[in-house]
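The structure appears right after this line, and notes come after that.
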């Protein structure tokens, strides 16, 4: 009887560990400094800074702000000196707000693929759409200008 209870307890513990392992990786979440919040507010004055989720992006070596603006999910990156690096706006199907020229260019380039995801990338030097096309387990990424020109 004790062995059965121990086995059940062990199984429950392993199950809980498995759930923890599947948890979204929030280990890089941070509390933004006043200077970082000020830089964000200057760039995005219409967004309530208290709703922003901040994290440290080690791959970009930058602060990442995840937030919503005009019903669109966005991420923005700032340097350690609080300078804006980039904003990524995520468009979901039916891709409302994406220029038709971008959608047409992607479909013309890969007519047998499905349009999976579109992100609008803004940087200090350049803006473009990053389009993900999918066919089975094969993903293809395209960078397309607003007028439909492939980059």
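Residue numbers (mature numbering (1 follows the signal peptide of the UniProt record, and there is no 0)): -21 to -1, 1 to 130. Every residue, glycine too, gets a C-beta built ideally from N, C-alpha and C. If you're wondering where the values come from, they're calculated on a predicted model, not measured in any experiment.
Separation of residue j from residue i, as counted between CA atoms
i, j, result
"residue 29", "residue 45", "11 Å"
"residue 89", "residue 112", "7 Å"
"residue 125", "residue 38", "28 Å"
"residue 84", "residue 66", "23 Å"
"residue 114", "residue 52", "25 Å"
"residue 100", "residue 71", "15 Å"
"residue 144", "residue 103", "This structure cannot settle anything about residue 144, because the visible part of the chain is limited to -21 through 130."
"residue 1", "residue 77", "Because residue 1 sits at a pLDDT of 45, beneath the cut-off of 50, its placement in the model cannot be relied upon, and the following sentence gives the value as read from the coordinates. Taking the straight line joining both Cα atoms gives about 33 Å."
"residue 20", "residue 74", "27 Å"
"residue 12", "residue 61", "10 Å"
"residue 79", "residue 57", "31 Å"
"residue 108", "residue 15", "27 Å"
"residue 50", "residue 10", "24 Å"
"residue 17", "residue 59", "13 Å"
"residue 26", "residue 54", "12 Å"
"residue 165", "residue 36", "Since the first residue shown for the chain is -21 and the last is 130, residue 165 is missing from the structure and cannot be characterised."
"residue 118", "residue 91", "12 Å"
Assigned secondary structure, residue i (DSSP; H/G/I helix, E/B strand, else coil)
i, result
"residue 16", "helix"
"residue 100", "strand"
"residue 66", "strand"
"residue 55", "strand"
Span of the beta strand (DSSP E) around residue i
i, result
"residue 44", "41 to 48"
"residue 126", "Segment: none, residue 126 is in no beta strand (DSSP E) and carries neither H nor E."
"residue 110", "106 to 114"
"residue 36", "32 to 36"
Unbroken alpha helix (DSSP H) run spanning residue i, endpoints
i, result
"residue 81", "79 to 88"
Supposed close pair residue i, residue j - CB separation, criterion 8 Å
i, j, result
"residue 7", "residue 34", "4 Å"
Outcome for residue i when other beta-carbon atoms lying within 10 angstroms are tallied against a minimum of 16
i, result
"residue 98", "buried"
"residue 43", "buried"
"residue 63", "buried"
"residue 81", "buried"
"residue 129", "exposed"
Min CB distance residue i to chain C below 9 Å
i, result
"residue 43", "The structure shown contains no chain C, having only a single protein chain."
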